Amino acid sequence: MGWHKRQQTKSNDPENPATLADMIQEGLSIFCWCNRCGHNSTVDPVPLTNVLGSFFPVPELGRRMRCSICQTRDITTRPAWPNHGGGQIARHG
Ligand SMILES: [Zn+2]
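Take 30 as the starting number for the sequence shown in the numbering used here and just add one per residue.
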């Protein structure tokens, strides 16, 4: 129980999803996750803008993709934040 405070970013706002243009501007790739088999990969947003346009919302990309392993179309897409997963990034130097 209790409220779990989540990190707030504009990219997490469901009413204002990140677009391909946002990804390019931020220098981010797009993280793709197969909900069936767990296969995942990152893709470059630049070629996608040639097909879908710069303002295509990142969460909608999953509907255009298919898993290369199990061929399902049940794909989740989101920005590939470099610090995803805990924020315990150790840097030396
Ligand atoms: Zn799969």
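No residue lacks a Cβ here, since even glycine has one placed at the ideal position from N, Cα and C. Predicted, not measured: the structure shown is a model, and the values here were computed from it.
Residue from the options whose Cα sits closest to the Cα of residue i
i    : options                : result
T48  : N64, V80, P88 and Q100 : P88
V75  : I98, I53, R92 and R102 : I53
W110 : L81, E55, F84 and N64  : E55
Residue i beta carbon near ligand 1 (any heavy atom closer than 7 Å)
i    : result
T101 : yes
R92  : no
C63  : yes
I53  : no
I59  : no
Same chain, Cβ closer than 6 Å to residue i, five either side skipped, listed in chain order
i    : result
R102 : R95
G91  : I104, T105 and T106
Close-in-space but distant-in-sequence residues of the same chain around residue i (CB under 8 Å, 5 per side omitted)
i   : result
N69 : F60, C61, W62 and C63
C66 : C96, I98, C99 and T101
Residues of its chain near residue i, where Cβ-Cβ distance is below 7 Å and the 5 sequence neighbours each way are ignored
i   : result
V72 : S58, I59 and C61
**Asked** Can you list, in chain order, the stretches of the alpha helix (DSSP H) that have 4 or more residues and sit fully within the region 57-121?
**Response** 74-81
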